[in-house]
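The structure appears below as structure tokens.
Chains as they are written, first to last, in this note's numbering: chain A, 47 to 311; chain B, 2 to 282.
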């Protein structure tokens, strides 16, 4: 196969998406102008960009709060999910009993709990947001971790049996590495989930627009400041993408051997 | 000493002497295996003695219990009746003292370990010192002619290369017995013949006792000193064909020798006879 220079490979891979993105912006911009769409219904992208720049410092402060809720909630939920999965996978009876329940809970809208969490922990307490995120993250992480620990190749286990090793050793040498890809696919889903969870739980008020991104968006929208709201939504998107990107980087670093990382060699 | 203790120690002494006088490494005595689910008799009353340094193939159609027998020897499963003795000890004891190297149809390499780390796995588990692990791993990779691939991950290797790594891993800790369950079953014919030669070369160098499960008649004849022919429903040994008269070391010429064809025919007739017998009963 002919080897191409790296920049051409990158161009070939990313050019279609980038072109489509720019095209969409142009269509949006011209549509707003041609159809005379009122600013409070849909601002032009260029207007949003200007507001974004002007409001950046205020939005930045609010995003830090939101990001903190998302990240700490993510860490808390993941840690709990992993610990519970380890405990239940050890005793298959428990995990078999719990897994259907966990899957059922996982498919309910956990964000609906946000007002309750706000009451439990206090509406201005950042922990009320973190706990929503933690609950949202907990289930996918736990479910995937249990699967990763139990869905192990029978041959890999027989090999360990032939070496006559302890269950702890099998956990360490086979089950945990086997669970890593499962865990990271849960992390990838959870990283975007956690930003959603943090923002939605902030919609329920109690925080000032300078405090949290969710509060900022809902209040600017209520005041018909749509450019500001959109600017904040863009930041929210970037937070989600950024978090996802960090998980991808960690994945590459932790399991360079895995199929999802086997890049162009 | 009370009576039952005394009886037990006498019987274990007798067992040890029994196996020594037969000079067999593996002694399979009246083994049966019944799977409780569906009440299937996988193996019925198997007796077989395997001597040190032998290369024994278990051959038969699917369902004859050849894999089951191999797994019983390796104590991956327990028999319903009878016992397996390895150097006078029970199969579980032999497994505990790591007498077995195993190779399966799938290479079952750990994706998260490089090739050399995979070969090192048993050495790590058995707490070999680091320096010895390194040298031993290099030796093994040289033995299977993969010394340049130590830093690769399994997915970067072809099926045949992966299987060679699995063999290197199985031999790394110099087990007394090598148990192989259709190790070349998933390979293409050309690779397969090359791997057979390589396995014989390794066997010649290490003098390990090999038990090899296959459903290929030429493979069994080419590799073995004895071919154990098995038949299904219930799984049992019907014939044992001595193939040690085929000259060693075996090579490309062996496959074209008249004696090779003669032995293949002999084995095939055994299998055919079983089939006819099975159909009439």
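Where a beta carbon is used, it is the ideal one built from N, C-alpha and C, also for glycine.
As the structure is a prediction and not an experimental result, all values here were calculated from the model.
Can you say whether residue 22(B) is buried or exposed, counting buried as having 16 or more other CB atoms within 10 angstroms of its CB? The predicted model places residue 22(B) with a pLDDT of 49, which falls under 50 and marks its position as unreliable; any figure quoted below should be read in that light. Classification of residue 22(B): exposed, given that the 10 Å Cβ count is below 16.
Drop a sphere of 10 angstroms on the beta-carbon of residue 133(A), count the other beta-carbons inside from all chains shown, and report buried for 16 or more, exposed for fewer. exposed
Ignore the nearest five residues each way along the sequence and tell me which others in residue 297(A)'s own chain have a CB closer than 6 Å to its CB. 230
Would you identify the three-state DSSP class for residue 181(B), choosing helix, strand or coil? strand
Quick one: give me the first and last residue of the beta strand (DSSP E) that residue 27(B) is part of. 25-36
When you compare the CB positions of residue 135(A) and residue 192(A), do they come within less than 7 Å of one another, or not? yes
Using CA atoms only, rank isn't needed, just tell me which of 10(B), 70(B) and 50(B) is closest to residue 235(B). 70(B)
Considering just the uninterrupted stretch of the beta strand (DSSP E) at residue 212(B), what are its terminal residues? 210-215
So that I know if they touch, is there some Cβ in chain A lying closer than 7 Å to that of residue 112(B)? yes
Could you check whether residue 28(B) and residue 86(B) sit closer than 7 Å to each other, using their CB atoms as the reference points? yes
Is residue 275(A) closer than 7 Å to residue 16(A) when the C-beta atoms are compared? Outside the shown range of chain A (47 to 311) lies residue 16(A), about which nothing can therefore be said.
Using the three-state DSSP reduction, which class does residue 208(A) fall into: helix, strand or coil? helix
Residue 209(A) versus chain B: which residues are under 7 Å apart at the beta carbon? 99, 123 and 126
Are the C-beta atoms of residue 300(A) and some chain B residue less than 7 Å apart? no
Should residue 52(A) be labelled buried (16 or more other beta-carbon atoms within 10 Å of its own) or exposed? exposed
Between 186(A), 107(A) and 58(A), which lies nearest to residue 128(A) when the distance is taken from Cα to Cα? 186(A)
Would you list, in sequence order, the uninterrupted alpha helix (DSSP H) runs of no fewer than 4 residues that lie entirely inside the stretch 206-256 of chain A? 213-216 and 222-248
I need the DSSP call for residue 14(A), collapsed to helix, strand or coil. Residue coverage of chain A in this structure runs from 47 to 311, which leaves residue 14(A) outside it and unanswerable.
Any heavy atom of the ligand NAD closer than 6 Å to the Cβ of residue 199(A)? Looking for the ligand NAD in the displayed structure turns up nothing, as the structure carries no ligands at all.
Flag this pair as touching only if the stretch 91-100 of chain A and the stretch 221-229 of chain A have three or more C-beta atom pairs under 8 Å; answer yes or no. no
Cβ of residue 34(B) within 7 Å of Cβ of residue 81(B)? yes
Sort 121(A), 75(A) and 234(A) by Cα distance to residue 287(A) and report the nearest one. 234(A)
Could you tell me whether any Cβ in chain A is nearer than 7 Å to the Cβ of residue 274(B)? no
I want to see whether chain A comes within less than 7 Å of residue 105(B), judged by CB atoms only; does it? yes
Quick one: what's residue 316(B) bridged to in DSSP? Look at the range of chain B in this structure, 2 to 282, and you will see that residue 316(B) is not part of it.
For residue 148(A) and residue 178(A), I'd like the C-alpha separation in whole angstroms. 16 Å
Between which two residues does the alpha helix (DSSP H) harbouring residue 114(B) extend? Here residue 114(B) belongs to no alpha helix (DSSP H), and DSSP marks it neither H nor E.
C-alpha distance - residue 272(B) paired with residue 227(B), whole-angstrom precision: 15 Å
Residue 305(A): buried (16+ other C-beta within 10 angstroms of its C-beta) or exposed? exposed
CB contact flag (residue 116(A), residue 244(A), <7 Å): yes
Out of 222(B), 216(B) and 54(B), which one is the CA nearest neighbour of residue 232(B)? 216(B)
Looking at residue 142(B): is its Cβ nearer than 7 Å to the Cβ of residue 148(B)? yes
DSSP three-state call for residue 227(B): helix, strand or coil? strand
Of all Cβ atoms in chain A, is any one closer than 7 Å to the Cβ of residue 109(B)? yes
At a Cβ threshold of 7 Å, is residue 297(A) touching chain B? no
Per DSSP, residue 103(B) is paired with what? 180(B)
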